[in-house]
Amino acid sequence: MTEQQPFSPDGSVGGVSDGPLSGPPGGRAAQEPWSKPIGRRTVLSLLGLGALGTLFGSHVQAGISSLLNSVDAGGIASLVPGGGQFTIYTVTDGYPAAPADYRLRVDGLVERPLSMTVADLQSLPATRLIRDFQCVTGWEVTDVHWVGVRLLDLAERAGVNPAASAFRFTSFDGVYTESLTVEQARETGAIAAYSMLGAPVTREHGGPVRLYVPDMFGYKSIKWLSRIELVPQAEPGYWEQNGYPVNAWISGHAPAQAA
Amino acid sequence: MSATQLTAEQSKQRVVLRFDRVERAVHWVNAALVLILIVTGAALYFTPLIALVGRRRLIEQVHLYAGLSLPLPLLLGVAGSWGRGLRRDVSRINGWTEADLQWLRGLVDTASGRRQAAPRPRLGKFNAGQKLNAAFVAGGGLVMLGTGALLHWYVPFPLSWRAGATFVHNWLAVTFVIVIVGHITLALADREALRAMLGGRVSRAWVARHAPAWLDESAEQQQ
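Residue numbers (the numbering used here), protein chains in the order written: chain A, 1 to 259; chain B, 260 to 482.
Structure, rendered in structure tokens:
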């Protein structure tokens, strides 16, 4: 360093003094007649609040959500943390648009592969559900209206080969995949949904057709559904290859060993 | 010894080292990490930004690793012989004196209009606001790290904890943004204080105005 050394009251330049911490005997008490560790207390208080918030914050959040929804259902609630709204995820660039000639295919280990328009799907017997959407990261939207066709109905229509034990789902976003055993589909009553929140499934929410799996975390409910394959074995989907458990049962809802 | 053996005349002109290289490096690496965390956090959280940015998996990874490395600059900074200045400042930030409380009370009284001009107690190297800011960043940063880790390695934890951790992580993130905006606003309002974090030095006049007891501290040491 060629520049001039500045003077420092710390003595940290030029090694002048060891300072108050290791300074002259009895020096510290003499210099600071009165000192309280408020910094440490602030840090510890924050840690305590953080722990309390983690243990009991879900109740507070539920209160805030219902308050926000009673005041303003759309605007502010969607921007404030936990406004009881969907946080709309995508794993690619933006929300993919359905191709003009969209078809939902049901194939794999089946006797009669299906290729259906949304209208074809709507002509089948509908299942209506009012169920919560629970994200694995903790947020939740309660009492969502869903309309669609049960996976088992679709499988039956296509004629399932006995060798099939699982469904494999593909999204037309080109990346997202998911799977569900036939047994899980039966237990949950999972549907290929074409209506959500009282309207056709929007592009953001995975329209025109998405999966909805009750009692399982949201990542199972694949969006932009384009293909349902019957396969011999369940295989990990996109989020599961990236660390989420293949078993997506929401705790307290259903047998955890079901996967 | 020569650095402190100054005549009164010289002392008035000389600059004072407020933050050494290690402290400045820790501050700016921290600032960069927090900026990355805020930007990626927003891109994971706000629906319009999620659509604009996309690539959820990549953004998640960047957010995760920036978060996990957040404690490293400070830990490395205080670790070795190079961390002496930083360790001493941590101790200063921890300890509050009567003057700090007076300063804070003065701030509250002036803000609430109970008093026109706040008294000017003889403060040390940091005022109570700076001490609170540092303690908030330390404690709040640990809470963000803890709740973030719980959300990432969530499998062993009950759903209500996860919801609670989301609640804490989200609201504390909002608080962090507000505090950081305040921090930057105050830094821009006092360019000399800002220069101390850029180049390390402030003028002796600045110290006499803002941190007179800091000079007393060093004077007593030299006796």
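Heads up, the beta-carbon is just placed ideally off N, CA and C, and yes, glycines get one too.
Using CA atoms only, rank isn't needed, just tell me which of the options is closest to residue i.
{"i": "Leu109(A)", "options": "Val213(A), Leu46(A), Asp173(A), Val160(A)", "result": "Val160(A)"}
{"i": "Leu180(A)", "options": "Phe172(A), Gly207(A), Leu152(A), Glu156(A)", "result": "Leu152(A)"}
{"i": "Gln61(A)", "options": "Val414(B), Ser419(B), Thr306(B)", "result": "Ser419(B)"}
{"i": "Ala464(B)", "options": "Met456(B), Ala452(B), Leu457(B), Gly458(B)", "result": "Ala452(B)"}
{"i": "Val106(A)", "options": "Gly198(A), Glu240(A), Ala166(A), Val147(A)", "result": "Ala166(A)"}
{"i": "Leu294(B)", "options": "Arg454(B), Leu276(B), His322(B), Leu410(B)", "result": "His322(B)"}
{"i": "Leu401(B)", "options": "Val461(B), Gly326(B), Ala338(B)", "result": "Gly326(B)"}
{"i": "Arg283(B)", "options": "Ile437(B), Gly365(B), Val436(B), Arg454(B)", "result": "Arg454(B)"}
{"i": "Glu111(A)", "options": "Pro125(A), Asp143(A), Leu154(A), Phe172(A)", "result": "Leu154(A)"}
{"i": "Val298(B)", "options": "Val466(B), Leu445(B), Arg460(B), Phe435(B)", "result": "Phe435(B)"}
{"i": "Ser66(A)", "options": "Thr87(A), Thr142(A), Arg103(A)", "result": "Thr142(A)"}
{"i": "Asp93(A)", "options": "Glu204(A), Leu121(A), Ala192(A)", "result": "Glu204(A)"}
{"i": "Gln389(B)", "options": "Trp412(B), Pro380(B), Asp359(B)", "result": "Asp359(B)"}
{"i": "Gly423(B)", "options": "Val440(B), Met403(B), Gly441(B)", "result": "Met403(B)"}
{"i": "Ser221(A)", "options": "Ala51(A), Glu235(A), Ala248(A), Gly243(A)", "result": "Ala248(A)"}
Name the two residues that bound the continuous alpha helix (DSSP H) containing residue i.
{"i": "Arg150(A)", "result": "From DSSP, Arg150(A) is part of no alpha helix (DSSP H) but of the beta strand (DSSP E) over 140 to 150."}
{"i": "Asp359(B)", "result": "357 to 370"}
{"i": "Glu204(A)", "result": "Looking at the DSSP string, Glu204(A) is not in any alpha helix (DSSP H), and its letter there is neither H nor E."}
{"i": "Glu451(B)", "result": "450 to 457"}
{"i": "Arg468(B)", "result": "463 to 469"}
{"i": "Leu331(B)", "result": "331 to 338"}
{"i": "Val274(B)", "result": "Not the alpha helix (DSSP H): Val274(B) falls in the beta strand (DSSP E), residues 274 to 276."}
{"i": "Thr406(B)", "result": "387 to 411"}
{"i": "Glu319(B)", "result": "315 to 327"}
{"i": "Gln241(A)", "result": "238 to 241"}
Kindly list, in the order they appear in chain A, the residues whose Cβ is closer than 7 Å to that of residue i.
{"i": "Trp420(B)", "result": "Thr54, Leu55"}
{"i": "Gly339(B)", "result": "None at all; the shortest Cβ gap to chain A is about 14 Å."}
May I ask you to list the residues that DSSP assigns as paired with residue i?
{"i": "Lys36(A)", "result": "Trp355(B)"}
{"i": "Ser419(B)", "result": "Answer is none; Ser419(B) lacks a bridge partner."}
{"i": "Val110(A)", "result": "Val160(A)"}
{"i": "Leu225(A)", "result": "Ser171(A)"}
{"i": "Arg460(B)", "result": "Leu276(B)"}
{"i": "Leu230(A)", "result": "Gly108(A), Phe167(A)"}
{"i": "Trp249(A)", "result": "Met216(A)"}
Where does the unbroken beta strand (DSSP E) through residue i begin, and where does it stop?
{"i": "Arg283(B)", "result": "Per DSSP, Arg283(B) belongs to no beta strand (DSSP E); it is in the alpha helix (DSSP H), 280 to 304."}
{"i": "Tyr212(A)", "result": "210 to 212"}
Name the chain B residues that come within less than 7 Å of residue i, Cβ to Cβ?
{"i": "Gly50(A)", "result": "Val402, Gly405, Thr406, Val427"}
{"i": "Trp139(A)", "result": "Thr425"}
{"i": "Arg40(A)", "result": "Asn353"}
{"i": "Ser58(A)", "result": "Ser419, Ala422, Gly423, Phe426"}
At 8 Å on the CB atoms, spell out the chain B contacts of residue i, in chain order.
{"i": "Pro236(A)", "result": "Within 8 Å Cβ-Cβ: nothing; Pro236(A) doesn't reach chain B, min ~14 Å."}
{"i": "Ser35(A)", "result": "Gly354, Trp355, Thr356"}
For a contact meaning CB atoms closer than 8 Å, what does residue i contact in chain A?
{"i": "Leu410(B)", "result": "Thr137, Gly138"}
{"i": "Val414(B)", "result": "Pro245"}
In chain B, which residues lie less than 9 Å from residue i when you measure between Cβ atoms?
{"i": "Ile222(A)", "result": "Here the premise fails: no neighbours, minimum Cβ distance about 14 Å."}
{"i": "Val201(A)", "result": "By Cβ distance, chain B contributes nothing, its closest Cβ being about 16 Å from Val201(A), past 9 Å."}
Enumerated in chain order, which unbroken segments of the beta strand (DSSP E) with a length of 3 residues or greater are wholly contained in the region 114 to 195 of chain A?
-> Qualifying beta strand (DSSP E) stretches, in chain order: 114 to 116, 127 to 134, 140 to 150, 166 to 171, 177 to 181.
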